[in-house]
Amino acid sequence: MPMQQNVWQLVAEASLVVKFVMSVLMIMSVISWFIIGAKFKQFGTAGRLSRQFQKVFWGRGQRSSWDATRLESIYGQLGSFRLSPIAKIFHAGYVELARIAGDSGPKSGSIPPGSIPPVGGGLDNIDRAMSRAQNKELQQLENQLSFLATTGSTAPFIGLFGTVWGIMNSFIAIRAQGNASLDVVGGDIAEALIATALGLAAAIPAVMAYNYFLRRIQLFEGDMGGFSSDFLNIVRRHFLAS
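Here the numbering used here is used: the first residue of the sequence shown is 3, the next is one more, and so on.
Put into structure tokens, the structure is as follows:
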């Protein structure tokens, strides 16, 4: 308790510049933790729903039996997987496939049975539609991560600025009083160290979370790319006439 009281007393008695630095660091830390919590929830939901959707998509023992009815059935269940990146990629590919088939598209979501007559660039169009959907999903996953990177790279330097300012005040006090005892410079040095500690406290979680989320995004990207390739192979073999 005495130590905590001393810390809060030092913060209260800090110079205006150091108080400003501490305020900026605390705001950055609070925002970073909010983003971290939101991203954990977003990534967890996206991963869980994507795994569930792939179970629905592949089914059990049906990898070789693909027809329009099966795709329509999967398309009709997309409402349960609105937050799944892979489900959105399937949606983009299915809608483009329906358009190529000459259907009205997502309104009825039906594909004529049998092979679709070859259309110039049909498979390429589906590939581009799914690539656009994948890029959009990656942008959603990467959203707000730049703030974590900014906090991780700048917070230590902001704290260092507060440290330099506090030490500068210490030297000014020494010169003014001609005394270098701890009673004269101890407070300024202590508040300077608090600024450094706040900078590190804001930066370390932000850097760790950023690296973790970046790795998760790479895994999502790999899963989405793999699903796109599998879907294109299914379309090539079962729905586009050679």
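Glycine included, every Cβ here is placed at the ideal spot set by N, Cα and C.
query                                                                                                          : result
Residue closest to Pro87, alpha-carbon to alpha-carbon, out of His240, Gly228, Phe36 and Val237                : Gly228
Bounding residues of the alpha helix (DSSP H) (the contiguous stretch that carries Gln56)                      : Leu18 to Trp60
Proximal residues to Leu99 (C-beta, below 7 Å), its chain only, five neighbours per side dropped               : Ile113, Ile128, Val237 and Phe241
Where Asp69 sits in the DSSP three-state scheme                                                                : coil
Cβ neighbour criterion (16 or more within 10 Å) applied to Met24                                               : buried
Lys255 classed as buried or exposed, judged by whether at least 16 other C-beta atoms fall within 10 angstroms : Because the chain is modelled from 3 through 244, residue 255 falls outside the range shown and cannot be assessed.
CB contact flag (Ala204, Ala157, <7 Å)                                                                         : yes
Gly168 at chain B interface by Cβ criterion, 7 Å                                                               : In summary, chain B is missing from the structure at hand, where a single protein chain is found.
Segment contact, 8 Å Cβ cut-off, at least three pairs: the segment 43-59 with the segment 150-168              : no
Straight-line Cα distance separating Gly154 from Phe215                                                        : 14 Å
Cβ neighbours of Ser230 in the same chain (closer than 8 Å, five flanking residues each side left out)         : Ile91, Gly95, Asp129, Met132, Ser133 and Gln136
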